[in-house]
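Residue numbers (this note's numbering): 46 to 374. Some notes on the structure that comes next.
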Ligand SMILES: Nc1ncnc2c1ncn2[C@@H]1O[C@H](COP(=O)(O)OP(=O)(O)OP(=O)(O)O)[C@@H](O)[C@H]1O
Ligand code: SF4
Ligand SMILES: [Mg+2]
């Protein structure tokens with residue numbers, strides 16, 4: 046019997062074959078998203094956040110390859126679907142919005158044409174019908190864009206960044222997807238617009254009962270909007286818990302470092318302040334990939350990979366301080 050989770054990512058492994066060697070980008074990633082849950086993924090640059098999102102959408106391209114794992118979405122392993130069936134999932138069930146909204150819009154088609162095409166695919170109605178037009182007008186109104194009629198006649202380059210992101214959100218939500226994946230959707234926007242876009246996403250997902258996977262560098266955003274948090278380091282998930290638990294009682298040394306690096310929750314700071322450098326994933330550190338930077342590292346840490354364990358209800362961590370029951374400081 047399938048569990049009630051909307052999405053279960055299990056043991057996901059992704060590599061990129063480059064001239065430097067094989068980049069082991071995802072090293073057995075595991076996490077779940079519940080129905081109507083807002084999950085934030087956080088971690089330093091290069092830790093695998095975007096690769097995780099693109100894997101779920103099955104948009105990993107050469108030289109990248111998903112070499113192992115399962116992505117169970119609503120009871121189906123997406124990695125086993127044909128490309129045709131996966132296209133249907135992308136057209137209707139899972140929507141993704143990106144950091145650069147304008148890149149995701151087709152520059153030569155008017156905004157209205159693109160939105161009507163999306164609604165036509167999602168609802169199986171003719172693109173040129175009155176019904177399609179009305180649905181598009183309604184959604185533009187819902188995402189707070191004034192003058193929907195005028196906007197539909199514009200080309201993407203005529204929109205500001207904030208407007209383009211609202212159009213992308215509208216396009217995503219037209220599908221009434223079960224899952225919305227947002228990969229740093231606000232980081233290219235100024236702070237006021239960021240807040241507006243985040244509040245918009247939060248409002249709309251509760252209205253449309255959509256689950257969200259939200260990727261960000263910004264712990265303030267995570268604290269404010271997420272139900273649960275997934276902390277990633279160098280291609281692994283290292284800690285998962287509800288947002289309150291992660292901020293009150295982080296247990297993984299990396300998570301502790303991240304939180305210490307931010308003086309106050311709510312303050313917007315990049316997360317690049319933990320001592321040491323992000324590892325090269327062509328030659329990742331053995332055992333726990335964090336061990337060269339970890340002040341708590343023990344002998345076992347460079348030898349064995351730490352499996353994920355539950356330290357308290359719904360709070361998971363991958364660290365030898367917990368796998369062996371030896372509380373070492
Ligand atoms: N096309 C590619 N070719 C080679 N390596 C890649 C490619 N795409 C991603 N990688 C590698 O995969 C790893 C994970 O990258 P990813 O883009 O998922 O990081 P990220 O967490 O999204 O970082 P950021 O916060 O900077 O967006 C990195 O080591 C990156 O160099
Ligand atoms: S497994 Fe070892 S090196 Fe890794 S985080 Fe835990 S204590 Fe540090
Ligand atoms: Mg990224």
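Backbone N, C-alpha and C fix where the C-beta goes; we use that ideal spot for every residue, glycine too. In this text the structure is predicted, and so the values were computed from the model without any measurement.
- Within its own chain, the residues whose Cβ lies closer than 6 Å to the Cβ of residue 300, once the five positions on either side in sequence are excluded, are 276 and 284, listed in chain order.
- When distances are taken from the beta-carbon of residue 131 to the heavy atoms of ligand 2, even the shortest one reaches 7 Å or more.
- Between residue 150 and residue 215, the C-beta gap is not smaller than 8 Å, which leaves the two residues out of contact.
- Taking a C-beta distance under 8 Å as the contact criterion, residue 124 and residue 116 qualify as a contact pair.
- Nearest in C-alpha terms to residue 225, of all of 168, 273, 84 and 182, is 84.
- In this structure, ligand 1 has a non-hydrogen atom nearer than 7 Å to the beta-carbon of residue 61.
- Looking at the DSSP output, residue 281 bridges to 278.
- Note on geometry: alpha-carbon atoms of residue 139 and residue 346 lie some 38 Å from one another.
- The DSSP-derived three-state label of residue 115 is strand.
- Per DSSP, residue 205 lies in no beta strand (DSSP E) segment and is marked neither H nor E.
- The Cβ neighbour count for residue 365, taken over all protein chains shown within 10 Å, is at least 16; the residue is labelled buried.
- Distances between the C-beta of residue 333 and the heavy atoms of ligand 2 include at least one below 7 Å.
- Comparing C-alpha distances from residue 240 to each of 263, 306 and 86 shows the shortest one belongs to 263.
- Nearest C-alpha to residue 65 among 108, 100, 51 and 59: 108.
- Shown here, residue 151 sits in coil according to DSSP, grouped into three states, outside any helix or strand.
- Contact check between the segment 86-96 and the segment 254-273: three or more CB pairs, one atom from each, fall below 8 Å, which counts as touching.
- Per DSSP, residue 294 lies in no alpha helix (DSSP H) and is assigned neither H nor E.
- Per the coordinates, the alpha-carbon of residue 289 lies some 22 Å from the alpha-carbon of residue 51.
- By the beta-carbon neighbour count (other beta carbons within 10 angstroms, threshold 16), residue 218 is buried.
- Below 8 Å, too few C-beta pairs join the segment 243-252 and the segment 117-137 to call them touching: fewer than three.
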